[in-house]
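Enquirer:
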Amino acid sequence: MTASSAAPTPSEKGAEVGRRIGVGLMYGLWKPRVLGAWRVPATGPLIYAVNHAHNIDGPMVMGVAPRPTHFLIKKEAFVGPLGRFLTGIGQLKVDRHSTDRTAIGQALGVLADGGVLGIFPEGTRGEGDFASLRAGLAYFAVRGGAPIVPVAVLGSTDRPGRLIKALPPLRSRVDVVFGDPFDAGDGSGRRTRKALDEATERIQKQLTAHLENARRLTGR
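Residue numbers for the sequence shown, in full-length UniProt numbering: 1 to 220.
#1: Quick check: the Cα distance between T87 and R20, rounded to an integer number of angstroms?
#2: For a quick check, are the C-beta atoms of S156 and I56 less than 8 Å apart?
#3: Using only alpha-carbon positions, find the residue among A195, G63, A112 that is nearest to G22.
#4: Report yes if the CB atom of L35 is closer than 8 Å to the CB atom of D180, and no otherwise.
#5: Output needed for A146: all residues of its chain with C-beta closer than 6 Å, excluding positions within five of it in sequence on either side, in chain order.
#6: So what's V40 in DSSP terms, helix, strand or just coil?
#7: At a cut of 8 Å, does the region 75-86 reach the region 182-198 through at least three beta carbon pairs?
#8: Look at the alpha carbon of G144 and the alpha carbon of M26, and state the distance between them as a whole number of angstroms.
#9: Taking A42 as the reference, give the member of V149, H210, G105, P169 with the closest Cα.
#10: Smallest Cα separation from G90: which of K13, G114, V50, G105?
#11: Whole alpha helix (DSSP H) runs in the UniProt domain "Phospholipid/glycerol acyltransferase" (46-156) with 4 or more residues, listed along the chain?
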């Protein structure tokens with residue numbers, strides 16, 4: 001994959017606005033319990049690798065994470081006013097069905113500026129167990145020279161809400177567990193297909209181990 005140098009980097013100020021909005025919404029509607037946030041490096045490029053079982057998982061991480069986050073979000077979500085809002089708060093539109101050079105350039109720009117990139121490495125919402133990873137996470141970690149912080153969101157799919165079935169019950173507890181940062185590459189800087197495949201295997205082991213630990217820690 002080749003990044004496009006012409007792609008504009010999303011606004012850091014916008015992402016901070018998004019984080020503040022997320023704080024109000026997530027803590028106002030539910031009861032987040034955040035564990036391990038102290039593990040997140042205070043500065044420098046970083047990738048949050050987040051399991052994805054529910055639509056609120058991304059906004060929840062945006063609201064409770066200690067640093068503003070630029071998530072890669074499927075382009076289908078960028079429709080009408082919501083699309084303009086997501087762009088305004090520094091989120092990245094990505095075409096999941098092609099090599100989206102604009103999104104690649106923007107994501108690498110976030111990391112080059114020392115920002116935080118949020119990725120759902122499973123590619124789409126599913127069981128949220130990191131069972132199937134796409135190679136994009138390894139590419140951005142190795143190409144952008146960014147450590148990965150695994151993030152487990154637990155409790156968002158325990159049961160549907162009474163008023164809105166598509167959301168967790170209001171004021172229910174949702175756990176967000178941050179893990180230790182780790183490097184995906186082998187230190188050689190290689191970005192060959194073989195190197196990225198090996199990096200993806202290392203990432204999957206780390207993320208799976210973090211999820212198991214988070215479940216033990218939270219009792220979920």
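A virtual CB, placed ideally from N, CA and C, is assigned to each residue, including glycine. What you are looking at is a predicted structure, and each value in this text was computed from that prediction instead of being measured.
Expert: So, from the listed chains and residues:
#1: 15 Å
#2: yes
#3: G63
#4: no
#5: P45, L46, I47, L111
#6: coil
#7: no
#8: 30 Å
#9: V149
#10: K13
#11: 57-64, 80-88, 101-112, 136-144
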